[in-house]
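>
Numbering (the numbering used here), first residue to last: 70 to 227.
1) Who are the near neighbours of residue 185 in its chain, counting only those whose CB is closer than 6 Å to its CB and skipping five residues on each side?
2) At what residues does the alpha helix (DSSP H) containing residue 184 begin and finish?
3) Rounding to the nearest angstrom, what Cα-Cα distance links residue 161 and residue 178 in this structure?
4) Is residue 95 buried or exposed, if buried means 16 or more other CB atoms sit within 10 Å of its CB?
5) Where does residue 89 sit, in a helix, a strand or coil, going by DSSP?
6) Among 200, 106, 193, which one has its Cα closest to the Cα of residue 171?
7) Starting from residue 160, follow its DSSP beta bridges and name the residues at the other end.
8) Taking residue 148 as the reference, give the member of 120, 122, 108, 168 with the closest Cα.
9) Pick helix, strand or coil for residue 118, following the three-state DSSP scheme.
10) Reducing DSSP to helix, strand and coil, say where residue 103 ends up.
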C-alpha cells in the first residue's frame, strides 16, 4: 500500500512528479499567467495597505515620476515576481509612512498580496518578501516633489 502511494508521487524514472495546480491545469486545457500580470496585482494590493507611502526604491520612484510626466504609470514598480509550476513568489520594495509599526505593515502587505493574487489568478503564493527602503517623514513630501521636479527637468534638458 505504501509503495502504491509513493509511485503516485513519482514518475517512472524515480524523480518526484511535478506538482499540478488544478486551478490552472484541467482536462480542458491549461491557463498560463505571466509574471507581469501577477506583478500588477501585487503592486495594486500593496498600495491598498494603509501605511505604504510608496513602492520602489528612490531611483525607481524618480523614474516613475518621469514616466507619469509622459502619461504612463507602472503599477508594478518596486515589485518582482517569479511564477513557476502554478506557484508565485513575490517581492515588494516599499517606503513606509513614519509612525507605522513596520513589522505589522509587512504582515498586512503579505496578507493582502496573497489574498489578491490567489483569488484573482488561482496561483498558490509561496511567499511575499517585503523590503522597506525608506521611511517617509512628515514634511518629506515637499522635499520629494522638489527632487523629482529637478530630476525631471534635468532629464528633459538633455
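For every residue, glycine included, the Cβ atom is placed at its ideal position computed from N, Cα and C.
Quick look at the numbers:
1) Here residue 185 is taken as the residue at index 116 of the chain shown, counted from 1. The residues are 110, 114.
2) Indexing the chain shown from 1 puts residue 184 at position 115. Per DSSP, residue 184 belongs to the alpha helix (DSSP H) from 171-190.
3) As a working note, residue 161 is residue 92 in the chain shown. As a working note, residue 178 is residue 109 in the chain shown. Rounded to the nearest angstrom, the two C-alpha atoms are 9 Å apart.
4) If you number the chain shown from 1, residue 95 lands on position 26. Under this definition residue 95 is an exposed residue.
5) Within the chain shown, numbered from 1, the residue matching residue 89 stands at position 20. The answer is coil: DSSP assigns residue 89 none of H, G, I, E or B.
6) Numbered from 1 along the chain shown, position 102 holds the residue referred to as residue 171. Comparing Cα-Cα distances from residue 171 to each of 200, 106, 193, the minimum goes to 200.
7) Looking up residue 160 in the chain shown gives position 91. DSSP output for residue 160 lists 149, 198 as bridge partner(s).
8) As a working mapping, residue 148 is identified with position 79 in the chain shown. The option with the nearest alpha carbon to residue 148 is 108.
9) Locating residue 118 in the chain shown gives position 49, counting from the first residue. Residue state, collapsed to three classes: coil.
10) Here residue 103 is taken as the residue at index 34 of the chain shown, counted from 1. Coil, per DSSP.
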